[in-house]
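Below: the structure, in structure tokens.
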Amino acid sequence: MMCSLWRGTLLTLTSSLNRRVFQCCRQLGRSYNIASCMPEAVAFQGVSDHSGLYKFSVNESDRFWGAVARQRLSWISPFHTVQNCDFSQGKIKWFEGGKLNVSVNCLDRHVQTCPERVALIWERDEPGTEVKITYRQLLELTCRLGNLLKRQGVRRGDCVTIYMPPCPLAMASMLACARIGAAHNVVFAGFSSEALADRIRDAQSSTVITVNQGVRGGKVVDLKRTVDQAVQNCPTVQQVLVAMRTENTVPMTDRDVPLEEEMMKEDVVCEPVAMDSEDVLFLLYTSGSTGKPKGLVHTQAGYLLYTSLTHRYVFNYHDGDVFGCVADIGWITGHSYIVYGPLCNGGTTVLFESTPVYPNPGRYWEMVERLGINQFYGAPTAIRLLLKYGDEWVQNYNRSSLKTLGSVGEPINTEAWEWYHRVVGDGRCPVVDTWWQTETGGICIAPRPADPEAEIVPGMAMHPFYGIKPALLDTEVVTGDGVVLQSAQFPAFLRLRLALCYNQYCPLNCATPLLGFFFTGDGAHRSKEGYYQIIGRLDDVINVSGHRLGTAELEDVVVCTIIIMFGLGVYVFVVLKKAVMVEEDVLAQQLREMVSRSIAKYACPDFIQVVRCLPKTRSGKIMRRVLRKVVERNTDELGDLSTLDDPDSVHEVIRGHRRLR
Ligand code: 6R9
795 MMCSLWRGTL LTLTSSLNRR VFQCCRQLGR SYNIASCMPE AVAFQGVSDH SGLYKFSVNE
855 SDRFWGAVAR QRLSWISPFH TVQNCDFSQG KIKWFEGGKL NVSVNCLDRH VQTCPERVAL
915 IWERDEPGTE VKITYRQLLE LTCRLGNLLK RQGVRRGDCV TIYMPPCPLA MASMLACARI
975 GAAHNVVFAG FSSEALADRI RDAQSSTVIT VNQGVRGGKV VDLKRTVDQA VQNCPTVQQV
1035 LVAMRTENTV PMTDRDVPLE EEMMKEDVVC EPVAMDSEDV LFLLYTSGST GKPKGLVHTQ
1095 AGYLLYTSLT HRYVFNYHDG DVFGCVADIG WITGHSYIVY GPLCNGGTTV LFESTPVYPN
1155 PGRYWEMVER LGINQFYGAP TAIRLLLKYG DEWVQNYNRS SLKTLGSVGE PINTEAWEWY
1215 HRVVGDGRCP VVDTWWQTET GGICIAPRPA DPEAEIVPGM AMHPFYGIKP ALLDTEVVTG
1275 DGVVLQSAQF PAFLRLRLAL CYNQYCPLNC ATPLLGFFFT GDGAHRSKEG YYQIIGRLDD
1335 VINVSGHRLG TAELEDVVVC TIIIMFGLGV YVFVVLKKAV MVEEDVLAQQ LREMVSRSIA
1395 KYACPDFIQV VRCLPKTRSG KIMRRVLRKV VERNTDELGD LSTLDDPDSV HEVIRGHRRL
1455 R
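Mapping of the sequence shown onto our numbering: residues 795 to 1455, in sequence order.
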């Protein structure tokens, strides 16, 4: 098995496309000292810069993670072994012997030092009605809820399903579970009752927490009604705790518990349970962009440590900053970078309930101005949407508080990257494109940390984080596609039997397993400088006349289009910018010329279909497998669509395809 630089066409293409390098540096000219940045580094002799620290973190992994875990987490009792992993058995254990409580790390220790610091800003759907909650208040909410859960019979080791929009009580529910030793299973509050029922049954929850109604983009959504339908088919459910997001009453049954009313009867002190490092913290389902959603497990110490470390260093987060991650708490990005990472660091975190275009496309930037957000973390799908509306929506607002801009979820094409950098960040904020997965718990590849002067290439995720060892499977070993493998040897990697499945899955066509690495499903290049660029899901890497092309590669040229395999050709779906009015055959001609000029003739699209929108998951990822089935005319086998956002998008694509052919 060889893991080496991916040679060939794709590498050359990347170089020509992305050679414009931005020096995104706020501190040029300042001398840089790694120990002032990361205190633990003092103990690592000979380490003087980020690249030295990175090498140390992978070569001396025990010393690195041991020191960081002792320094950054509060332990009830210390761990005796940093890591104990046997990949042939799927065993991954970190910080064995250690006992801690995640909610104490996220709340109590900050209440001791700065009780009145704002822990979270709830950016409600209605602009200008934000609610600020201090660490002291969040701890009180968490304790009351923890006591209520105990009164309802929830015990250590149980799993509570949370079906709520982003709101303080959702966050407090997660932390309350952590406090009493229960696991949580947050289900995105946009999922259907069947999808919710699947996840409740899988987690065998006896308790579900929800709200009467959600409010998003000015619309009221009957969440409690969805829960009522779901629990009809979930025999394990004993009670549903119902919080009130709106003033409208909803039908309540004997099983339903009015959450605010009952929690106010509880004490504001709730003894934290001493949890083992490897006890389950939560269960979470992946977004399902590529197949049936998988429920994954993360545990206590390693996950918490890794999310807090990445939050601190990838975004250069400092005390007093306001961190604005606009994901939903129902996804891993929300778990790691709205809840656990920022709170573990004593940060101020924003909980965004609305949409990027409500009440207008200036929403994000109006919020940045009003809340003074310093780090903004969003998804390319939203950035691409907003750039279509033009620069004024951004420029109308003061964004001088912004220091770092983050991107996650999909490859960010060069046009979107540059717009984000030039217009949103006024050309002065580093754009950190962060690659990671639900499986990895936290960010694995990102441009920072690095010396502040280090270059950032648009659309490149750049460098592995401390302790992270990505590898590219050499094309000579696996014929056809290039694959990112990821070493499983870092504290936040997913746990339990699943690790074993992943491990067995990893070798693909290879005869012997590559122990300790898992198959990420993404393709990437590594440039000669060692920079990583994610080129898309492996199933999006297409073969055209014997040449391999990543869809991200082509999409970079043909902005806002999706390309998938059709026999040996290329089929392009185009979403036009709002302002563009163009005849389809003129458009087709222009696209072909662009691709031919920027890549090669063989990559020219054979079919072009203009669509209003693309089928996406609720977390904004394009469901390429669905597009592929449409083009292959296998519409009877579209697969699991439970995470699809707008079912009409699929029907429209099918109708358009029929017309075209
Ligand atoms: C965090 C999250 C994981 C998949 C991942 C990849 C895609 C995420 C990306 C990216 C290119 C990035 N992905 N970040 N692709 N560049 N910066 O999104 O987790 O929902 O599990 O999805 O998302 O394909 O494998 P999850």
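Ideal Cβ placement from N, Cα and C applies to all residues, glycine included.
Predicted, not measured: the structure shown is a model, and the values here were computed from it.
| Query | Result |
| --- | --- |
| Segments of 4+ residues assigned as alpha helix (DSSP H) that fall wholly inside the region 1156 to 1191 | 1157 to 1165, 1174 to 1181, 1186 to 1189 |
| Exposed unless 16 or more other CB atoms sit within 10 angstroms - verdict on residue 1314 | buried |
| Through-space distance from residue 862 to residue 1023, alpha-carbon basis | 46 Å |
| Length of the line joining the Cα atoms of residue 1042 and residue 895 | 37 Å |
| Where the alpha helix (DSSP H) through residue 865 begins and ends | 855 to 866 |
| Residue 1184 to residue 885 span [Cα, whole Å] | 51 Å |
| Buried or exposed by the 16-neighbour rule on C-beta atoms within 10 Å, applied to residue 1071 | buried |
| Beta-bridge pairing of residue 1013 - partner residues as DSSP gives them | 1010 |
| DSSP beta-bridge partners of residue 977 | 953 |
| Classification of residue 1273 by the beta-carbon crowding that lies within 10 angstroms, buried from 16 upward | Because the pLDDT of residue 1273 is 30, which lies under 50, any placement of that residue in the model is unreliable, and the number read from its coordinates should be weighed accordingly. Exposed, by the Cβ-count rule. |
| Residue 1202 beta carbon near the ligand 6R9 (any heavy atom closer than 7 Å) | yes |
| Three-state secondary structure assigned by DSSP to residue 1245 | coil |
| Start-to-end residues for the beta strand (DSSP E) that takes in residue 1317 | 1316 to 1320 |
| Delimiting residues of the beta strand (DSSP E) encompassing residue 1331 | 1326 to 1331 |
| Exposure of residue 1357, with buried meaning 16 or more beta-carbon neighbours within 10 Å | Here the model assigns residue 1357 a pLDDT of 47, short of 50, so the residue's position is not dependable, and the following value carries that caveat. Classification for residue 1357: buried. |
| Start and end residues, alpha helix (DSSP H) containing residue 1105 | 1095 to 1108 |
| According to DSSP, residues forming a beta bridge with residue 1200 | 1171, 1226 |
| Span of the beta strand (DSSP E) around residue 941 | Looking at the DSSP string, residue 941 is not in any beta strand (DSSP E); the run it does join, the alpha helix (DSSP H), is 929 to 945. |
| Cutoff 8 Å; reference residue 1239; Cβ partners in own chain excluding five residues on either side | 1228, 1229, 1230, 1255, 1256, 1257, 1258, 1259, 1262, 1264, 1326, 1328 |
| Exposed unless 16 or more other CB atoms sit within 10 angstroms - verdict on residue 1161 | buried |
| Rounded C-alpha distance that separates residue 888 from residue 860 | 10 Å |
| Contact between the region 1033 to 1052 and the region 982 to 989 (3+ Cβ pairs under 8 Å) | no |
| Contact the region 1439 to 1455 vs the region 1406 to 1416: 3+ CB pairs below 8 Å | yes |
| Close Cβ partners of residue 878 (< 6 Å) along its chain, the five nearest in sequence each way excluded | 887, 890 |
| Cβ shell of residue 998 (< 7 Å), same chain only, five flanking positions each side left out | 953, 1030 |
| Neighbour-count burial assignment, residue 915, 16 or more Cβ in a 10 Å radius | buried |
| Any non-hydrogen atom of the ligand 6R9 closer than 7 Å to residue 871 Cβ | no |
| For residue 1195 and residue 1166, believed in contact at Cβ under 8 Å, the rounded distance | 4 Å |
| First through last residue of the beta strand (DSSP E) which encompasses residue 1052 | 1050 to 1052 |
| Contact test: residue 1093 Cβ vs the ligand 6R9 heavy atom, cutoff 7 Å | no |
| Where the alpha helix (DSSP H) containing residue 885 begins and where it ends | No alpha helix (DSSP H) holds residue 885; the beta strand (DSSP E) holding it covers 885 to 890. |
| When 847, 833, 881 are compared against residue 1289, the one with the closest alpha-carbon | 881 |
| Beta strand (DSSP E) segment containing residue 1446, residue limits | Note, residue 1446: premise wrong, no beta strand (DSSP E); alpha helix (DSSP H) at 1441 to 1454. |
| Boundaries of the beta strand (DSSP E) in which residue 880 is found, first to last residue | 875 to 880 |
| Nearest residue (CA-CA) to residue 1075, options 1436, 1224, 1379, 951 | 951 |
| Residue 1286 beta carbon near the ligand 6R9 (any heavy atom closer than 7 Å) | no |
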